[in-house]
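> Pasting in a structure now, in structure tokens, and then I'll have a few things to ask.
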Amino acid sequence: MVSSVLSFVQWVLLVVMAHPLHVSVTEVAFDEKDKALEIMMRVFVDDLEVVMRNRLKQPELDITVPKGITVDEMMGPYLAEHFKIQLDGKAQKVKYLGHEKEGEAFIFYVEVSPVKRWNKIQVTNSIIMETYRDQSNLVHVTVQGKVKSLRLTGDESTGQLDF
């Protein structure tokens, strides 16, 4: 019995290591005082590097130290194309603020402001999906301490939450 459990665990580990998980996590927080949506997006460096190599047609691109272009110059237009927000059915202007690298991930900072009180938020997040069909983009939205979440995939890259 113990050996069969160990074999199963070893098989699961082998499958996970052979088939990496493609996921990003986005936190959206509504700051009523500043009338803004403060957004933080975590994306694995290696997944994003493959996407940018394909997009820029630069197979040798090292996204952590790119030559001739900065990470912010790459990501501003990319996120504008692949990350969108609507509040109560109205498209919002998403402003790219910058990034930092933390371990094996980039953290991208984005903002939507000014924002008036709203009831429905629609988020489109199709980052990395053009390269990895199994990509999941998790989105957590916090309003007045209440958190609601979406799992966006290649089949459904847009979702809506009601507050």
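Note that our numbering gives residue 216 to position 141 of the sequence shown, counting from 1, and the numbers run on in steps of one.
Ideal Cβ placement from N, Cα and C applies to all residues, glycine included.
1) Quick check: residue 196 and residue 160, are their CB atoms within less than 8 angstroms of each other?
2) Would the segment 205-215 count as touching the segment 92-112 if we require 3 or more Cβ pairs under 8 angstroms?
3) To the nearest angstrom, how far is it from the Cα of residue 221 to the Cα of residue 215?
4) For residue 171, which three-state DSSP category applies?
5) Just the C-alpha distance for residue 206 and residue 168, rounded to the nearest angstrom, thanks.
6) Whose CA, out of 140, 101 and 131, lies closest to the CA of residue 153?
7) Within the same chain, show all residues whose beta-carbon is closer than 8 angstroms to that of residue 109, passing over the 5 residues directly before and after it, in chain order.
8) When DSSP builds the beta bridges, which residues end up paired with residue 183?
9) For residue 163, does the three-state DSSP call read helix, strand or coil?
10) In the structure shown, what three-state DSSP assignment does residue 124 receive?
11) What are the start and end residues of the beta strand (DSSP E) that includes residue 102?
12) So, helix, strand or coil for residue 130, using DSSP?
13) Could you tell me the boundaries of the beta strand (DSSP E) in which residue 237 lies?
14) In terms of residues, what are the limits of the beta strand (DSSP E) holding residue 136?
15) Buried or exposed: where does residue 234 fall if 16 or more other Cβ atoms within 10 Å of its Cβ makes it buried?
16) Just to confirm, does residue 156 get its C-beta within under 7 angstroms of one of the non-hydrogen atoms of the ligand FAD?
With the structure as the only source:
1) For residue 196 and residue 160, yes; Cβs fall inside 8 angstroms.
2) At 8 angstroms Cβ cutoff, the stretches touch.
3) Going from the Cα of residue 221 to the Cα of residue 215 covers about 10 angstroms.
4) Shown here, residue 171 sits in a strand according to DSSP, grouped into three states.
5) Residue 168 has its alpha-carbon roughly 26 angstroms from the corresponding atom of residue 206.
6) Distance from the Cα of residue 153 is smallest, within the candidate group 140, 101 and 131, for 131.
7) So the list reads 188, once near-sequence residues are dropped.
8) Residue 183 is bridged to 116 and 174.
9) If DSSP states are grouped into helix, strand and coil, residue 163 belongs with coil.
10) Residue 124: helix per DSSP, three-state reduction.
11) Annotation for residue 102: the continuous beta strand (DSSP E) segment containing it runs 98-106.
12) For residue 130, the three-state secondary structure derived from DSSP is helix.
13) For residue 237, the uninterrupted beta strand (DSSP E) run begins and ends at 233-237, by DSSP.
14) Segment: none, residue 136 is in no beta strand (DSSP E) and carries neither H nor E.
15) Taking all protein chains in view, the Cβ of residue 234 is crowded by 16 or more other Cβ atoms within 10 Å, so the residue is classified as buried.
16) With respect to the ligand FAD, the structure offers nothing, as it holds no ligand at all.
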